[in-house]
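In what follows, a single structure is set out as structure tokens and then discussed.
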Amino acid sequence: PTEEYENLRRRIHSNTKELWYYVSHELGKLIHEENKEEKIQAILDQVADRKRSLISDEEKLPELDGYHEWRQMEAANVSDLVQRRLHYLQNPPDCREARKLICNLNKGCGFGCQLHHIVYCLIFAYATERTLILNSKGWRYNTKGWDYVFYPISDSCTSAYDDKVVQWPVLYDAKVVSLPFIDSISQKPKFLPLAIPKDLAPRIVRFNGDPSSWWIGQMLKYILKPRVAMQKAINETIAKMNFKTPIVGVHIRRTDKVGTEAAFHHIHEYMAHVKDYYDQLELTRTVDARRVYLATDDANVLEDARKKYPEYTFLGDASIAKTAATHRRYTPLSLTGLLVDLHMLSMCDYIVCTFSSQVGRVAYEMMQTNRVDASNSFFSLDDIYYFGGQNAHDRVAVMSNTGGKSQDISFETGDRIGIAGNHWNGYGRGTNKRTNVNGLIPWYKTADHLVLYPFPEYKQVPQ
Ligand code: GDP
């Protein structure tokens, strides 16, 4: 390692201790003091600044540790391998004879939800070595079908001819199998998200901090290829915006989602994280403008944000938001708008969103495909990352905890904890699978449990 790297590492170590010296000293003093309110605010501001400095330093480590180029190359190589395997699976030498999996795109939900439906089908196809056939006639976004807007997911095999179709689960090795929606599968196969292929895992974990969403992003990369006309429409809208970095993406999901599937979040909740991002960035560089790309299905948000935050430059298209607001949501026009928003969000340096929305999660999954590691480039105001219909998501205790201090539960090193969510206050909620006790867990004492599944290794495809 270089001298610069070692100095940085020592600086982070030393400044972590300095943070603690500061907090313990100031809070210790405060116990006996009057006028606490103002003083507490001053301490919080100081701690926030010290935290930003630590994170900023830590984020420079991978650029200086000597593996920066290696990570970039490895990420590109593994992605390329996955894409070639999918291409191989989707283009069998004899389509008529190939084993197939049928996926019906008649799910009555939004585009993010439908994309995730295809992702689920493609993972299923990859796991069972079947060519995926997408049935999309009468599709709600374009009645002519998926292939009218996007390139087909196969160059050479897009029909099951008139072979007999058997509904999954199948008791024998049927040639053509049709898949139900993920929500209505009773016994979920272990290869479904958040599992990743065992043969690729040792490579992915070395460059990416969230392999499950990286893997899902690879499926999207294969699926989502707009045809020339659609790409042209997207490019034209994008060309009108003055997109430049640094830029933070904000996704605000309102209308039908609020009150049914998610809580309402005020613009200032999003902007607090945008401010934190820029305050941190300004520790090490000058920022010409605090740009925000705002994507939303609420027609009033953009104007409201510009009024409330004049010190920020908001990019976004009010007409896209207007089209996205419920009644015209499922038209070809709204699809163009949504693809623009998804593309722009995924190009941002950082996004602030709600992972309860599939649009927010798709944007993050796309980010995972356009850089080496996006796992620290987002903040979700509500849920942690998940895939709708996924298998259980566990964390593993890396230290023991004696519960009871603040409704926290007891666990021992190695215990598996089924996760319900993170409260973003240092604690999450979960159930210790050994003791069956549910409660709060100090997040820092646990680590993500990555599920590895022995997917086929596609040895026919060169490494
Ligand atoms: P979810 O309901 O948020 O989980 O995601 P879905 O994609 O399933 O459905 C939401 C639909 O609302 C999308 O498909 C879009 O039609 C629309 N929508 C939501 N947020 C946005 C946004 O930021 N921009 C645009 N253009 N449309 C959005």
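Count the sequence shown with the numbering used here and you get residues 1003 to 1465, in order. Don't be surprised by glycine CBs; every beta carbon is placed ideally from N, CA and C.
The ligand GDP heavy atom lying under 8 Å from the CB of residue i
i       : result
PHE1113 : yes
THR1371 : no
ARG1205 : no
THR1325 : yes
GLN1360 : yes
GLN1392 : no
LEU1107 : no
LEU1340 : yes
ASP1396 : no
THR1239 : no
LYS1259 : yes
ILE1322 : yes
ALA1331 : It should be noted that the sequence gives Arg, not Ala, for residue 1331. Correct: ARG1331 has its Cβ closer than 8 Å to the ligand GDP.
ALA1297 : yes
SER1158 : no
GLU1263 : yes
ASP1343 : yes
HIS1253 : yes
GLN1116 : yes
SER1336 : yes
Beta-bridge pairing of residue i - partner residues as DSSP gives them
i       : result
ALA1449 : VAL1398
VAL1252 : LEU1296 and VAL1354
ARG1418 : VAL1398
PHE1152 : PRO1228
GLN1169 : SER1180
VAL1260 : ALA1264
LEU1010 : Paired residues: none, contrary to the question.
TRP1141 : ASN1144
ILE1240 : DSSP output for ILE1240 lists no bridge partner at all.
Nearest residue (CA-CA) to residue i, options the options
i       : options                               : result
VAL1178 : TYR1272, ALA1265 and LYS1102          : LYS1102
ASP1290 : LEU1304, THR1247, GLY1112 and VAL1276 : THR1247
ILE1528 : ILE1236, PHE1245 and TYR1122          : This structure cannot speak to residue 1528, because the chain is shown only from 1003 to 1465.
THR1288 : VAL1463, THR1437 and TYR1280          : TYR1280
PRO1456 : ARG1054, TRP1216 and ALA1129          : ALA1129
ASN1393 : ASP1096, GLN1074, GLY1110 and SER1214 : SER1214
PHE1381 : GLY1391, LEU1347 and SER1408          : LEU1347
ASP1185 : LEU1202, GLN1116 and LYS1166          : GLN1116
TYR1295 : ILE1240, ASP1278, THR1286 and GLU1263 : ILE1240
ILE1014 : HIS1034, ASP1096 and LEU1063          : LEU1063
TYR1388 : ALA1422, GLY1406, VAL1398 and MET1401 : ALA1422
ILE1125 : GLN1465, ALA1399, MET1221 and HIS1089 : MET1221
GLU1459 : VAL1172, ILE1155, LEU1202 and SER1158 : LEU1202
SER1016 : SER1055, GLY1140 and ILE1206          : SER1055
ALA1323 : LEU1283, HIS1253 and TYR1352          : HIS1253
ILE1411 : ASP1396, ASP1385, HIS1395 and ASN1438 : ASN1438
ASN1009 : LEU1066, LEU1285 and THR1371          : LEU1066
GLY1140 : ASN1237, ILE1236 and TRP1148          : TRP1148
ASP1430 : GLU1414, SER1408 and THR1415          : The sequence given here places Gly at residue 1430; Asp does not occur at that position. Out of GLU1414, SER1408 and THR1415, SER1408 has the C-alpha closest to the C-alpha of GLY1430.
Length of the line joining the Cα atoms of residue i and residue j
i       : j       : result
GLU1040 : LEU1032 : 11 Å
GLU1305 : TYR1332 : 24 Å
GLY1068 : ALA1376 : 20 Å
MET1368 : MET1349 : 9 Å
PHE1053 : GLU1060 : In the sequence on display, residue 1053 carries Lys and not Phe. Cα to Cα, the separation comes out at about 11 Å.
GLU1036 : ALA1044 : 14 Å
VAL1250 : PRO1334 : 27 Å
GLU1006 : PRO1199 : 37 Å
ASN1108 : PHE1193 : 24 Å
ILE1225 : ASP1258 : 27 Å
GLU1263 : CYS1355 : 15 Å
LEU1317 : VAL1400 : 43 Å
LEU1173 : TYR1143 : 35 Å
LEU1383 : SER1026 : 29 Å
GLY1420 : GLY1219 : 24 Å
ILE1443 : ASP1096 : 53 Å
HIS1089 : LEU1083 : 10 Å
TRP1426 : GLY1112 : 28 Å
PRO1171 : GLY1391 : 16 Å
GLU1076 : PHE1209 : 7 Å
ASP1278 : ILE1206 : 29 Å
ASN1403 : LYS1447 : 8 Å
HIS1275 : SER1358 : 17 Å
LEU1283 : TYR1352 : 11 Å
VAL1168 : ALA1162 : 12 Å
Cβ of residue i within 9 Å of any chain D Cβ
i       : result
LYS1223 : Included in the structure is just one protein chain, with no chain D present.
Can you list, in chain order, the stretches of the beta strand (DSSP E) that have 3 or more residues and sit fully within the region 1077-1130?
1102-1106
Uninterrupted beta strand (DSSP E) stretches inside the region 1355-1416 (no shorter than 3 residues):
Listed in chain order, they are 1380-1382 and 1396-1399.
Pick out the complete alpha helix (DSSP H) segments inside the region 1012-1086, 4 residues or longer, and give them in chain order.
1038-1066
List, from N- to C-terminal side, the alpha helix (DSSP H) runs of 4 residues or more that fit wholly inside the region 1280-1366.
1303-1310, 1320-1326 and 1334-1349
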